[in-house]
Each structure stands twice: as structure tokens, then as C-alpha cells.
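In this note's numbering, the protein residues as written are 7 to 257.
Here is the structure we will look at, set down as C-alpha cells.
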Ligand SMILES: N[C@@H]1[C@@H](O)[C@H](O)[C@@H](COP(=O)(O)O)O[C@@H]1O
């Protein structure tokens, strides 16, 4: 893992967008793994700007999102399908048929998970997976305790995650109780991973990831065993990490 330390959210977003657009220019038919949440808003805005300025084509790109709430369809303002459309897809030349997100309204959820996992493989696997991190160290919706061998599956969201994500809903009760998420093994199969973290809210998770051992208690800690991870983190997100540890991961 290499850490690119940046000043703040704006710098993180800019740097992340550069790395993603470089990937797409290098390989026009890249398979991108995408994420949602507040962390990604700036990155997607910078990516759209880059696309508009440089005409980087996404016509052959395929995308797979990490996760989706169960019970929210594409028209629901809090579904991740809606988020992706609003923040990114509608601005790019990518055909919507090449953008994949688990269907949280599928009648048979287990089959939907298997279909999603298979589709990723059929597309040749993910070239670059974008990742945020939950305050408890989750990745995708893989909560603490999730097996590292997990593939795409249905999860019950922890109360802390529902509470953290309640800021996007009108009340905490409206946050769905379940989601579909790529598993940890699915994420780890990606050829390259780009992990973003900004703000004090993420400081605890980032310090556990960098200072602690690899444990299912902190799902993101497995990323230290992946051969090709870049973390872009700002000063606040790194504030609980010792200077010594930061040096270990310097590019
Ligand atoms: N499933 C998503 C994660 O993929 C995301 O990384 C996390 C952090 O979100 P935020 O970027 O809003 O802090 O929230 C959700 O739980």
C-alpha cells in the first residue's frame, strides 16, 4: 500500500480523478469499480470536469458499483443507482447498459448476488476499484466481522452504519436495514484499489487500518495484503497515524 497524503478534500478529489482518468486513457475498455458516499462527490465532479475539458471517452468503459440498499429502486433519491446517475453517469458518454449496480429490488436476492459476481468475472475482473471507508472500518457494506472470503452477498447493516448514513435520509428510521454488497474477496480480486479518506470522521478507521493488525474487526485492514493499493488521505484522516507509520507507506 502506498499513501498519498494531501491537504484536504479538494486535493484528494483532484488527485483521485487524475488517477481514474489516467486509467481510462491508458485502457479505453477499463472495468471500473465505483463507490458512493460523501467522499466520492468531489472526485466525480472533478472527473466530469476532466471529461468535459479533455473529451476522455468512457464509451467502452464498464462499471460495477460496490453496493446498493435493499428495497430502494433507481427512482429513490437515496438509492445508489440514483446517486450514480446524478453525480456521474448522466454527464459521461458511457452507455447506461455498461453501468452495473446490484439490484436491491430483485425478487431473489441470493440469485442477484450470484449474477453480479459472475458478471464481474465475465467482464474480466475489475481494473481499478474506488473505495471509501466507513467510520467503523467497513468497505463496501462489509461490516466488522465479515469473512475475508466473502463474495457478493446480502448484509444486515450495523446500527452505527445506519446512524452514520442517516444524514442523507429525512430520518434515521428510513435508512434501509439491509444491503447487497460486493464481498471482501470480490474487492480483493481487483487489480488495483484506490482508497479515499477525508476528514476527522475517518481518523479512527484509518489509524486502525494502518497501525493495527489485519483483522475482520476492521474489514479495511485486509487491504494491507493487496499488492496494489493506493490510499489518498488528507491531513485530518491521517491525524491519528504516527509519522513513523506514514513513512512506511510513502510512495
Ligand atoms: N456503503 C458506503 C461505503 O461504500 C462508503 O465508503 C461509506 C462511507 O461514506 P462517506 O463517504 O459518506 O463517509 O458509506 C457507505 O456505508
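Just so it is clear, CB atoms sit at the ideal spot from N, CA and C, and this is done for glycine as well.
Confirm the yes/no value for this check: CB of residue i, any heavy atom of ligand 1, distance under 6 Å.
i           : result
residue 152 : no
residue 44  : yes
residue 70  : no
residue 73  : yes
residue 203 : no
residue 41  : yes
residue 130 : no
residue 147 : yes
residue 110 : no
residue 140 : yes
Taking DSSP's pairing of strands, which residues face residue i in a bridge?
i           : result
residue 31  : Answer by DSSP bridge pairing: none, since residue 31 is not bridged.
residue 74  : 186
residue 193 : Answer by DSSP bridge pairing: none, since residue 193 is not bridged.
residue 137 : 201
residue 240 : 12
residue 160 : 186
residue 148 : 145
residue 68  : 37
residue 88  : For residue 88, which the question treats as bridged, DSSP gives no partner whatsoever.
residue 106 : 70
residue 220 : Bridge partners of residue 220: none, in fact.
residue 235 : 199
Going by beta carbon distance, what residues of the same chain come within less than 7 Å of residue i, once the five residues before and after it are set aside?
i           : result
residue 16  : 48
residue 107 : 71, 74, 86, 87 and 90
residue 174 : 84
Could you round the C-beta distance between residue i and residue j to whole angstroms and report it? I think they count as a contact, below 8 Å.
i           : j           : result
residue 158 : residue 186 : 7 Å
residue 65  : residue 99  : 5 Å
residue 193 : residue 203 : Their Cβ separation, rounded to whole angstroms, is 16 Å, which puts residue 193 and residue 203 out of contact at 8 Å.
residue 38  : residue 179 : Their Cβ separation, rounded to whole angstroms, is 34 Å, which puts residue 38 and residue 179 out of contact at 8 Å.
residue 201 : residue 246 : Residue 201 to residue 246, Cβ: 16 Å. No contact.
residue 143 : residue 224 : 4 Å
residue 229 : residue 7   : 6 Å
So, for residue i: in the same chain, excluding its five sequence neighbours on each side, which residues have a beta-carbon less than 8 Å away from its beta-carbon?
i           : result
residue 221 : 227
residue 10  : 21, 236, 237, 238, 239 and 257
residue 79  : 85, 87, 110 and 111
residue 115 : 76, 160 and 186
Should residue i be counted as a contact of ligand 2 given a C-beta to heavy atom distance under 6 Å?
i           : result
residue 189 : As far as ligands go, the structure on display features ligand 1 and does not contain ligand 2.
Using a Cβ-Cβ cut-off of 6 Å (strictly less than) and excluding sequence neighbours within five positions of residue i, which residues of its own chain qualify?
i           : result
residue 147 : 73, 161, 185 and 187
residue 40  : 69, 71 and 136
residue 171 : 181
residue 164 : 149
residue 89  : 42
residue 52  : 19, 20 and 23
residue 210 : none
residue 154 : 190 and 228
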